[in-house]
Structure formats: C-alpha cells, structure tokens
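**Q** Chains as they are written, first to last, in the working numbering: chain A, 243 to 514; chain B, 243 to 514.
Number of protein chains: 2
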Amino acid sequence: METVSENKCFGGKQGVYRHRSAATGCEMTFGLFLPPVSGPVPVLWYLSGLTCTHENAMVKAGAQGFAAEAGVALIFPDTSPRGEGVADDEAFDLGQGAGFYVDATEAPWAPHFRMESYVLGDLSDLVFAAFPLDRDAQAITGHSMGGHGALTLAAKSPGRFRSVSAFSPICNPTESDWGRKQFDAYLGSVDAGRAHDASLLAAAGKLGLPLLTDTGTADQFSDLLRTDTLKAAVAGREDAAVRMQDGYDHSYFFVATFMREHVAFHARHLCP
Amino acid sequence: METVSENKCFGGKQGVYRHRSAATGCEMTFGLFLPPVSGPVPVLWYLSGLTCTHENAMVKAGAQGFAAEAGVALIFPDTSPRGEGVADDEAFDLGQGAGFYVDATEAPWAPHFRMESYVLGDLSDLVFAAFPLDRDAQAITGHSMGGHGALTLAAKSPGRFRSVSAFSPICNPTESDWGRKQFDAYLGSVDAGRAHDASLLAAAGKLGLPLLTDTGTADQFSDLLRTDTLKAAVAGREDAAVRMQDGYDHSYFFVATFMREHVAFHARHLCP
C-alpha cells in the first residue's frame, strides 16, 4: 500500500492510499479518514455515485467534522476499476466510474469489474489490517449509485453492518435505466440484477438492519431512483425511514446538508 | 446577470451567477449563498487563493451549514478576470487565477486585472442590488492569496467591514515570492505593493478592525506566508488573534476544520 497524501483534518487524518487489488486486477485508490481518538474505531463506509472517484465525497460531503466528533472513521472507495487494460464505455453510466458495486460475469467487464468483492473483500482486508479500525462496528452509506451500493451490500452481507443509509439512492435498478443497462452488460441480463436491487431485497425481508434514506423532492433523476418502491418495501418498519426532503436536488449541496444527521444516525448504532 | 445554477443547501440557496463587469472588462462568475431567513441578511465575503475560481470554497470549505445557522450570506468571487483577450502567464501564480486583489496599472494587465475595484465596486453594487443583503453588515475572509485579499481590502476600506479573518494568509507579500513578482508585474514595482501588504498596513495602524487568522504549523508554504510579520504587527491587540494550528497544512481540509470558528467570529460582529 502506497500513501498518496495525508492531511490533518478536524484533529484527525484524511489519507489517500493506493494498492493493488486482486479482486479488480488493477491499482485502486481510496480515501480514509481517521478521527482523533485512539482505536480501534468504528467505521462508516461511503460509496460514491456515477462519474465519481474516491475523492468527490472526501472533499465535498463535509463528513469529516461530524465523524471526528463521533469518533468514527470514514472509508471512501473508488467507484470502479480504472487504468489501461480496463474495459470502458463512452457512456458516463457504464464502465469506469460506474461499477455499480457488483461482480461482473460478462465480457469485457468480468476481469476487472468486481466492486462487490473489492469493497467487501480486498479493501476490507487491507484497511482492517493497516489501520486501527473495529471490524465489529461497521456501517455503510452512499450517494445515488453508491446509495444502491450501500443498500445492496448491506442486504447481501447480513450481520456485517449495524446500520445503512443513503442519499438519493437508486432504489429499484431492475426497473430503471440506471440499472437495466448495467445489469445486462455486467451480469448478462436484467433478471440477474434482481439479486442486487434494494427494493426487491427489502421486499423479500433481506434488508433488516436500521435504515435511513434521504432524497430531494427536486431531484432531477427521481424517475431513475424510484424511491417509492423502497418506501413501500419498508413500510411499517419503525427502524426504517425513507424520507423526502423538500426542494433538494441530486447534488453534493444536498448530501452535505444531511450529512450531519446520517453520521449521527450511524453513530447511534456504532457507538451505543 | 445570468443564473448559472441554484441548489438548495442547508435550507438556503447556493447560487452561481455570471455578469459583465465594467471593472474587469469581461464576464465574471461568482457564487452566493443565501441563508434560510428573510433579508436583508449580513454578508461574509470569501476570497479564494491561487488557481481557484469562485467554485473551490463553495464546494470544499463547508461554510454554508454554519452560515445558515448564523443567518449570514456568503459571497464567493472569482480570483481574476478570465477569457479570450484577457492576459495570462504560464505560471500558476500570475495572470488568470492569480489577480491578487489589486488594480493593475501595467501592461498587459491593466485593462482587465482590476480585482480590487471588481470586489469592492462592481460586484458589491450588483449583489446588494440583486439580493436581500445588508450593506451595513459586511465581513470578509479568505484563504492564502485570498487571505491577503481579505486583510488588505479590509485595511484599505475602513468602516466597510466589521471584522476580517483569514486562513493561511499571505501576510507580507512585498517580502515574499508570492507578492514581489506579482506587484512588479501588475503595479510596476514591489514598492508600489507596499500599499497592499497586510503586515505593513497593520504596522501602520490601518488594520484596526477585529481580526482572526489561522495558519497551520505544517503549511508547506510557510516561508511565503510570513505569518510572523502579521503577528508582530498586531501584537498586544486584544481584538486581533494570529493563531498557529498544530500539524495543519495549506489545504482545504485545514480551511474546513476551522470554518466553524471563523463564521462564528464574524457572526458575533455581524449579528451582535
């Protein structure tokens, strides 16, 4: 693992690191914020959206201040494999920058596009070995495609995360142009994507952990997010809130606005 | 004035606007955050550093949340004129992105590089006419070159700002490579820059308003900032604090860390 940069931040340390991943078969870069307390500390994963790298949320979401106060670490993975020899597409929503947090089975994506195994496997193994983090106190959040990633990785690894949240998540990708195209490309069919659809997983009772999502009523991509499907799937659950926020759009100005509440939500479960 | 974008943010509105400036003779872009309270509201100007546009602090400094709580508006001007026909230099610290908040008198800079007149004149006239802002309740801050800008514009316009602060400001540009080269180019001599040197102005008793600056002890540009000269110039003043912050560098991770305190400092003077 190579240190790209380290900056003191809210009394803690915001680092950027690069490492070789067996899962993705390429060099991967991630951000990690350590709060100013002695470890092992709880961890909040933040998965980013389409076109993002490890960097966007790290510099724009304003999470470090709240994480420092809560004594929680933050991990910011990249959104896909990258580099020469890694397949790509001209569209912004397929290929590099658009891994969708699944393990591709189809050509040309299968050799590198294995973001589920990367986040839950390689990167986890690395950060828990290299940093003073508490493997038994993990939570996960994300934005847009990363919200889909947070919800589905949490559903697919029961017991691993204590709580899950998301900002403007893609809720029902098998019925959305943000999902159908990608599942078809990466997994060979939209049907194969049903195992990676947050609303379907929730409706099947597989998203049983404490859940909080926020989506703006002015989100320019609301048709693609299909928030109502998730709301219906968790209806009646006291530990699940699918909230609409009046007038907010899909931007990081929205994410930053509600970051304090999301960090506090996770801290209640991570540091009870 | 043209609206480039508007995003709801912390209950208020983060806008980006474009207008034609007579002072700079070109189109200028700026950001403006309005808090979620009825106006006229107090204003905190934020001047950015070398290579920045109106955008950097707007997305990375984390100021909107604190400004929303305090009921203060934020204005993020660009750092120079831009565009075709506007002089530039290959160096990152001269020309576009490096206006140094002075009015150039020398060729080829004089026709457009008039950032002092732009901020205090054109842009002020525009925003106070177009938005519900209180012209009688203004404060100013900035980072690096923008810290120099904040300190010197405050000193040169007595009574205009109620308080001034800065993050990692260039304090003594007439004795720094971040200043000597630019004053020589824009104003014809380093001597002409003495009227735009925060430490010299403070030593002459011309920086009499409440003042707060923070600079990191690990700032990679500390030799260029010459923080000690400002500290000496305001020594003994109870309303002036030139603070060193252990382990912090020059980055926006540092700015974001201390933003809460700077907004609170200004709010005490703007909303007494």
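Built from N, CA and C at the ideal position, the CB exists for glycine as well.
Buried or exposed: which applies to residue 513/B, given that a residue is buried once 16 or more other Cβ atoms fall within 10 Å of its Cβ?
**A** So residue 513/B counts as exposed.
**Q** Jot down the residue ranges of each uninterrupted beta strand (DSSP E) in the stretch 259-316 of chain B, minimum 3 residues, whole runs only, in chain order.
**A** You should have 268-276 and 283-289.
**Q** Would you list, in sequence order, the uninterrupted alpha helix (DSSP H) runs of no fewer than 4 residues that lie entirely inside the stretch 396-445 of chain B?
**A** Within the stretch 396-445 of chain B, the complete alpha helix (DSSP H) runs of at least 4 residues are 422-429 and 440-445.
**Q** Hey, could you find the ends of the alpha helix (DSSP H) residue 470/A is sitting in?
**A** First-last of the alpha helix (DSSP H) with residue 470/A: 469-475.
**Q** Decide if the stretch 268-281 of chain A is in contact with the stretch 301-311 of chain A; the criterion is three or more beta carbon pairs, one per stretch, under 8 Å apart.
**A** Touching, yes.
**Q** Give the secondary structure of residue 386/B by DSSP, where H, G and I count as helix, E and B as strand, and everything else as coil.
**A** Coil, per DSSP.
**Q** Cβ closer than 9 Å: which chain B residues qualify as neighbours of residue 386/A?
**A** Near residue 386/A there are no residues of chain B at all, since even the closest Cβ is about 15 Å away, more than 9 Å.
**Q** Return the chain-ordered list of same chain residues with a C-beta closer than 7 Å to the C-beta of residue 377/A, the five sequence neighbours on each side being excluded.
**A** Result list for residue 377/A: 370, in chain order.
**Q** If I'm right that residue 500/B touches residue 470/B with Cβ under 8 Å, what's the distance once you round it to whole angstroms?
**A** Contact flag wrong, Cβ pair sits at about 19 Å.
**Q** Using the beta-carbon of each residue, which ones in chain A are nearer than 7 Å to residue 256/B?
**A** Neighbours of residue 256/B on chain A, chain order: 495.
**Q** Residue 499/A versus chain B: which residues are under 7 Å apart at the beta carbon?
**A** Going along chain B in sequence order, the residues near residue 499/A (Cβ under 7 Å) are 251 and 252.
**Q** Taking only three categories from DSSP, how would you classify residue 363/A?
**A** Helix at residue 363/A.
**Q** Hey, quick one: how far does the alpha helix (DSSP H) through residue 512/A stretch, first residue to last?
**A** Start and end: 494-512.
**Q** Could you spell out where the beta strand (DSSP E) holding residue 462/B opens and where it closes?
**A** Segment: none, residue 462/B is in no beta strand (DSSP E) and carries neither H nor E.
**Q** Let me see if you follow: with CB-CB separation under 8 Å, is residue 273/B close to chain A or not?
**A** No, because no Cβ of chain A sits closer than 8 Å to the Cβ of residue 273/B.
**Q** Using 8 Å as the threshold, is the C-beta distance between residue 360/B and residue 390/B below it?
**A** No, Cβ-Cβ distance for residue 360/B and residue 390/B is not below 8 Å.
**Q** Tell me, please, whether the CB atom of residue 391/A is closer than 8 Å to any CB atom in chain B?
**A** Output row for residue 391/A: interface = no.
**Q** Along the stretch 299-319 of chain B, where does the CB come closer than 8 Å to a CB of chain A? Name the residues.
**A** Listed by position, the residues of the stretch 299-319 of chain B near chain A (Cβ gap below 8 Å) are 301, 302, 304, 306 and 307.
**Q** Using a C-beta to C-beta distance shorter than 8 Å, which residues of chain B count as neighbours of residue 489/A?
**A** Those within 8 Å of residue 489/A in chain B are 250.
**Q** Since residue 322/B and residue 355/B are thought to touch, with beta carbons under 8 Å apart, how far apart are those beta carbons, to the nearest angstrom?
**A** Correct: roughly 7 Å between the Cβ atoms.
**Q** Can you check whether the C-beta of residue 460/B is within less than 8 Å of a C-beta belonging to chain A?
**A** By this cut-off, residue 460/B is an interface position.
**Q** So residue 268/A and residue 325/A are supposed to be a Cβ contact under 8 Å. How far apart are they, rounded?
**A** Correct: roughly 5 Å between the Cβ atoms.
**Q** If you follow the beta strand (DSSP E) that residue 247/A is part of, which residue opens it and which one closes it?
**A** Segment 244-251, the beta strand (DSSP E) holding residue 247/A.
**Q** Is it buried or exposed for residue 246/B, if we count other Cβ within 10 angstroms and need 16 for buried?
**A** Its Cβ having fewer than 16 others within 10 Å, residue 246/B is exposed.
**Q** With H, G and I counted as helix, E and B as strand and the rest as coil, what does DSSP make of residue 328/A?
**A** Coil at residue 328/A, not helix or strand.
**Q** Taking the continuous beta strand (DSSP E) assigned at residue 458/A, which residues delimit it?
**A** From DSSP, the beta strand (DSSP E) with residue 458/A extends over 453-458.
**Q** Between which two residues does the beta strand (DSSP E) holding residue 484/A run?
**A** Per DSSP, residue 484/A belongs to the beta strand (DSSP E) from 482-487.
**Q** Can you tell me whether residue 489/B is buried or exposed, with buried defined as 16 or more other CB within 10 angstroms of its CB?
**A** Per the 10 Å Cβ criterion, exposed.
**Q** Using only CA atoms, which one of 349/A, 381/A and 409/A lies nearest to residue 428/A?
**A** That would be 349/A, whose Cα lies nearest to the Cα of residue 428/A.
**Q** Could you tell me the alpha carbon to alpha carbon distance between residue 422/A and residue 414/A, rounded to whole angstroms?
**A** Approximately 10 Å between the Cα atoms of the pair.
**Q** Can you round the beta-carbon distance between residue 404/A and residue 511/A to whole angstroms, since I take them to be within the 8 Å contact cut?
**A** Confirmed, about 4 Å.
**Q** What do you get for residue 459/B, buried or exposed, if any count of 16 or more other CB atoms within 10 angstroms of its CB means buried?
**A** Exposed: under 16 other Cβ atoms inside 10 Å.
**Q** Of the choices 416/A, 381/A, 441/A and 399/A, whose alpha-carbon is the least far from that of residue 432/A?
**A** Of 416/A, 381/A, 441/A and 399/A, the residue nearest in Cα terms is 416/A.
**Q** Please report how far the alpha carbon of residue 352/A lies from the alpha carbon of residue 243/A, in whole angstroms.
**A** About 24 Å.
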